[in-house]
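Participant: Would you mind keeping the following structure in view while I ask a few things?
Number of protein chains: 2
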Amino acid sequence: MAIIVNKEEKRKNIALSCRELLLKHGIDKLTISQIAQTAGVGKGTIYEYFENKEDIVFEIITTFIVEHEKKLEEISLADISTREKLFHFFYLLFENETAKKHLNIYKEFLAISLTHEAKEMLEFSEQCREKFIMILNRILEVGTTSGELNGEMQISASSLVLFGTGLVVDSRLTTCNVEQEIDRLLNIIVKERK
Amino acid sequence: MAIIVNKEEKRKNIALSCRELLLKHGIDKLTISQIAQTAGVGKGTIYEYFENKEDIVFEIITTFIVEHEKKLEEISLADISTREKLFHFFYLLFENETAKKHLNIYKEFLAISLTHEAKEMLEFSEQCREKFIMILNRILEVGTTSGELNGEMQISASSLVLFGTGLVVDSRLTTCNVEQEIDRLLNIIVKERK
DNA sequence: TTTTTATGACTGACCGTCGGTCAATTAAAT
DNA sequence: ATTTAATTGACCGACGGTCAGTCATAAAAA
Numbered sequence: 165m166a167i168i169v170n171k172e173e174k175r176k177n178i179a180l181s182c183r184e185l186l187l188k189h190g191i192d193k194l195t196i197s198q199i200a201q202t203a204g205v206g207k208g209t210i211y212e213y214f215e216n217k218e219d220i221v222f223e224i225i226t227t228f229i230v231e232h233e234k235k236l237e238e239i240s241l242a243d244i245s246t247r248e249k250l251f252h253f254f255y256l257l258f259e260n261e262t263a264k265k266h267l268n269i270y271k272e273f274l275a276i277s278l279t280h281e282a283k284e285m286l287e288f289s290e291q292c293r294e295k296f297i298m299i300l301n302r303i304l305e306v307g308t309t310s311g312e313l314n315g316e317m318q319i320s321a322s323s324l325v326l327f328g329t330g331l332v333v334d335s336r337l338t339t340c341n342v343e344q345e346i347d348r349l350l351n352i353i354v355k356e357r358k
Numbered sequence: 165m166a167i168i169v170n171k172e173e174k175r176k177n178i179a180l181s182c183r184e185l186l187l188k189h190g191i192d193k194l195t196i197s198q199i200a201q202t203a204g205v206g207k208g209t210i211y212e213y214f215e216n217k218e219d220i221v222f223e224i225i226t227t228f229i230v231e232h233e234k235k236l237e238e239i240s241l242a243d244i245s246t247r248e249k250l251f252h253f254f255y256l257l258f259e260n261e262t263a264k265k266h267l268n269i270y271k272e273f274l275a276i277s278l279t280h281e282a283k284e285m286l287e288f289s290e291q292c293r294e295k296f297i298m299i300l301n302r303i304l305e306v307g308t309t310s311g312e313l314n315g316e317m318q319i320s321a322s323s324l325v326l327f328g329t330g331l332v333v334d335s336r337l338t339t340c341n342v343e344q345e346i347d348r349l350l351n352i353i354v355k356e357r358k
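So the sequence lines, in the order shown, correspond to chains A and B. Going by the numbering used here, 319 is the number at position 155 of the first sequence; the sequence numbering is gapless. Going by the numbering used here, 293 is the number at position 129 of the second sequence; the sequence numbering is gapless.
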């Protein structure tokens, strides 16, 4: 017949080659032409591998979120106090300039999925949420058995995820001091140890 | 010399006349041509009164949020238990079909302000946040003095606002059960009364 | 009072951009 | 030579935004 390319692989490669482009311009300013040029293919080729613009942006963002989850995993397994784990868990997206770029992209992703009811996007968000909850639960369990957390309080990981989402969204406001907010939350759920 | 119109008033009138249009179509599907037609003016006229599309959408959404704040005020002053006040405070946007339309609008507002760094928009958001915090603080104060809340816990209104924001954003996910999440939170901060 | 003039309000044809399509082309496999 | 997967960029339609020109009216001039 003719050449057979690994569609899935090429899809990922195109996405990978445009990571920096997305970080630099953000979703809105990113054009398909730019993407095609950066990936070194024709514009039409993009549509061989992606449904539409969201689809490709989504694929790129996925790579970021997967990395993010990996870091969260590391935090949950690190040899630090539960309080520190939780702090880093929430503060991860704010820690430095690179993190803030990722934060911006994540905010844009949230913005899109708030207005577009794309099924795949929602499913992916669900999966992320569940993963976050899983990791948080592990941290909470360790903290409870070690006595670091206010165990009788029945903190649920899903509530904490809501707090985290709020943090991401409201961090755009100057009246929201991220570090302080996290500390306040931790003061409630983590026992004083003296 | 020539006719002088009240720019501010006409601006508001154009916005008002398009409330239903926005509720019906959402931001993305809303076109300037539609807006102009609905408002009964030419397309160019829109740009006499608004900077750009976001500017006009923002003006419309503002009218919804102002209404929302009024309802929150009412809740905070109602003759119900603190737990009920807090529940309604968070559940207000989910209570019925009309509320859900407003929820959608609020989500779209969040979406816009997540991606556009417009100064006025941020300032308005700050004001909203401060107002929310103010109302919540009033509820919390009453609840603390009446002994309904776990007073020693130092719940901060701003943390609760973050929770609320997260609730709005994550409510688009089926894995997020709004009522349950609110109840869980309230179980932590409200004393059992038996 | 009537005419002229200045100017803000208004308009929609037009422009540039961009997401998305498709007919034509290429090239590998048979 | 034929078939077929893969690729491409010219093209399309939609949309946000602009601007040169028109309109309406109040003030000034006659």
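We treat Cβ as the ideally placed atom computed from N, Cα and C, and that holds for glycine.
By Cβ distance, which residues of its chain are closer than 7 Å to residue 179 of chain A, with the 5 residues on each side in sequence left out?
Facilitator: Answer for residue 179 of chain A: 220, 223, 224 and 227, listed in chain order.
Participant: Would you say residue 358 of chain B reaches chain A, if we count a Cβ-Cβ gap shorter than 8 Å as a contact?
Facilitator: With a pLDDT of 43 at residue 358 of chain B, under the threshold of 50, the modelled position of that residue is not reliable, and no figure is offered here.
Participant: Taking C-alpha atoms, which residue in A/327, A/239 and A/231 lies nearest to residue 353 of chain A?
Facilitator: The shortest C-alpha separation from residue 353 of chain A is found at A/327.
Participant: Given a threshold of 16 other Cβ atoms within 10 Å of its Cβ, counted over all protein chains shown, does residue 332 of chain B qualify as buried or as exposed?
Facilitator: Label assigned to residue 332 of chain B: buried.
Participant: With 16 other CB atoms within 10 Å as the buried threshold, where does residue 345 of chain A fall?
Facilitator: The residue is buried, with at least 16 neighbouring Cβ atoms inside 10 Å.
Participant: Indicate the three-state DSSP secondary structure (helix, strand or coil) for residue 337 of chain A in the structure shown.
Facilitator: In the structure shown, residue 337 of chain A sits in coil (DSSP, three-state: anything other than H, G, I, E or B).
Participant: For residue 235 of chain B, which residues of its own chain have a beta-carbon under 7 Å away from its beta-carbon, when the five flanking residues on both sides are left out?
Facilitator: Contacts found: 256.
Participant: Using a Cβ cut-off of 8 Å, pull out every chain A residue sitting near residue 191 of chain B, in sequence order please.
Facilitator: What residue 191 of chain B touches in chain A: 279.
Participant: Return the chain-ordered ranges of every alpha helix (DSSP H) run that is complete within the stretch 175 to 233 of chain B and spans a minimum of 4 residues.
Facilitator: For the stretch 175 to 233 of chain B, whole alpha helix (DSSP H) runs of length 4 or above, ordered along the chain, are 183 to 193, 196 to 203 and 207 to 213.
Participant: If I follow the unbroken alpha helix (DSSP H) through residue 252 of chain A, where does it start and stop?
Facilitator: First-last of the alpha helix (DSSP H) with residue 252 of chain A: 246 to 255.
Participant: Give a yes or no on whether the C-beta atoms belonging to residue 281 of chain A and residue 339 of chain B are separated by under 8 Å.
Facilitator: For residue 281 of chain A and residue 339 of chain B, no; Cβs fall outside 8 Å.
Participant: For residue 269 of chain B, name the three-state secondary structure that DSSP assigns.
Facilitator: The answer is helix: DSSP assigns residue 269 of chain B an H, G or I state.
Participant: Assuming residue 313 of chain B and residue 251 of chain B make a contact with CB atoms under 8 Å, what is their CB distance in whole Å?
Facilitator: With a Cβ gap of about 13 Å, residue 313 of chain B and residue 251 of chain B do not count as contacting.
Participant: Can you tell me whether residue 279 of chain B sits near the ligand MN, meaning its C-beta is under 7 Å from at least one heavy atom of the ligand?
Facilitator: Absence of the ligand MN is noted for the structure shown, with no ligands found whatsoever.
Participant: How many Å lie between residue 311 of chain B and residue 241 of chain B at the Cα?
Facilitator: For residue 311 of chain B and residue 241 of chain B, the distance between alpha carbons rounds to 17 Å.
Participant: I'd like the list of long-range same chain contacts for residue 174 of chain A, defined as Cβ closer than 7 Å, with 5 residues on each side in sequence excluded.
Facilitator: Excluding sequence neighbours, residue 174 of chain A sits near 213.
Participant: Just by C-beta distance, which residues in the stretch 321 to 355 of chain A are closer than 8 Å to chain B?
Facilitator: Those residues of the stretch 321 to 355 of chain A that come within reach of chain B (Cβ to Cβ, closer than 8 Å) are 322, 323, 325, 326, 327, 328, 329, 330, 331, 333, 334, 336, 337, 338, 339, 340, 345, 348, 349, 351 and 352.
Participant: Determine the contact status of residue 209 of chain A and residue 275 of chain B, defining contact as a CB-CB distance below 8 Å.
Facilitator: Their beta carbons are not under 8 Å apart, which means residue 209 of chain A does not touch residue 275 of chain B by this criterion.
Participant: Below 7 Å between beta carbons is the criterion; list the residues of the stretch 237 to 271 of chain A that meet it against any residue of chain B, in chain order.
Facilitator: Residues passing the 7 Å Cβ filter: 271.
Participant: I need the DSSP call for residue 169 of chain A, collapsed to helix, strand or coil.
Facilitator: It is coil, neither helix nor strand.
Participant: Please list, in chain order, all residues of the same chain as residue 329 of chain B whose beta carbon is under 6 Å from its beta carbon, the five residues on each side excluded.
Facilitator: Once the five neighbours on either side are set aside, residue 329 of chain B has no close Cβ partner at all.
Participant: Taking 8 Å as the threshold (beta carbon to beta carbon), is residue 293 of chain B in contact with chain A?
Facilitator: Chain A, which has a Cβ nearer than 8 Å to the Cβ of residue 293 of chain B, makes this yes.
Participant: Here's the rule: buried if 16 or more other CB atoms are within 10 angstroms of the residue's CB, otherwise exposed. What is residue 193 of chain B?
Facilitator: Exposed.
Participant: Once you ignore the five residues that flank residue 266 of chain A on each side, which residues in its own chain have a CB closer than 6 Å to its CB?
Facilitator: Closer than 6 Å at Cβ, skipping near neighbours: 228.
Participant: Going by C-alpha distance, which of A/268, A/283 and A/284 is nearest residue 188 of chain A?
Facilitator: Checked all of A/268, A/283 and A/284; the closest Cα to residue 188 of chain A is A/268.
Participant: How is residue 358 of chain A classed by DSSP in three states: helix, strand or coil?
Facilitator: Residue confidence is low: residue 358 of chain A scores 41 on pLDDT, short of 50, so the model does not pin down where it sits. Its coordinate-derived value is still stated next. Three-state result, residue 358 of chain A: coil.
Participant: Along the chain, where does the alpha helix (DSSP H) containing residue 320 of chain A start, and where does it finish?
Facilitator: Unbroken run through residue 320 of chain A: none, as it is neither H nor E.
Participant: Looking at residue 304 of chain B: is its Cβ nearer than 8 Å to the Cβ of residue 253 of chain B?
Facilitator: No, these two residues do not count as a Cβ contact at 8 Å.
Participant: Measuring CB to CB, does residue 190 of chain B end up less than 8 Å from residue 272 of chain B?
Facilitator: Contact: yes.
Participant: Since I believe residue 293 of chain A is in contact with residue 325 of chain A (beta carbons under 8 Å), could you give me their beta-carbon distance rounded to a whole number of angstroms?
Facilitator: Yes, they are in contact, since the Cβ atoms of residue 325 of chain A and residue 293 of chain A sit about 6 Å apart, within 8 Å.
Participant: For the alpha helix (DSSP H) containing residue 243 of chain A, list its first residue and its last residue.
Facilitator: First-last for residue 243 of chain A: undefined, no H or E at that position.
Participant: Tell me the residue span of the alpha helix (DSSP H) that contains residue 296 of chain B.
Facilitator: 283 to 309 is the span of the alpha helix (DSSP H), which, as asked, contains residue 296 of chain B.
Participant: Grab me the residues of residue 238 of chain A's own chain with a C-beta within less than 8 Å of its C-beta, minus the 5 sequence neighbours each way, in chain order.
Facilitator: Same-chain partners within the cutoff: there are none.
Participant: For residue 233 of chain B, which option in B/342, B/297, B/322 and B/182 has the closest C-alpha, if you only look at C-alpha atoms?
Facilitator: Taking only the C-alpha atoms, the option nearest residue 233 of chain B is B/297.
Participant: Using a Cβ-Cβ cut-off of less than 7 Å, give me the residues of the stretch 197 to 213 of chain B that come near chain A, in sequence order.
Facilitator: Listed in sequence order: no entries.
Participant: Tell me, please, whether the CB atom of residue 275 of chain A is closer than 8 Å to any CB atom in chain B?
Facilitator: Yes, because at least one Cβ of chain B sits closer than 8 Å to the Cβ of residue 275 of chain A.
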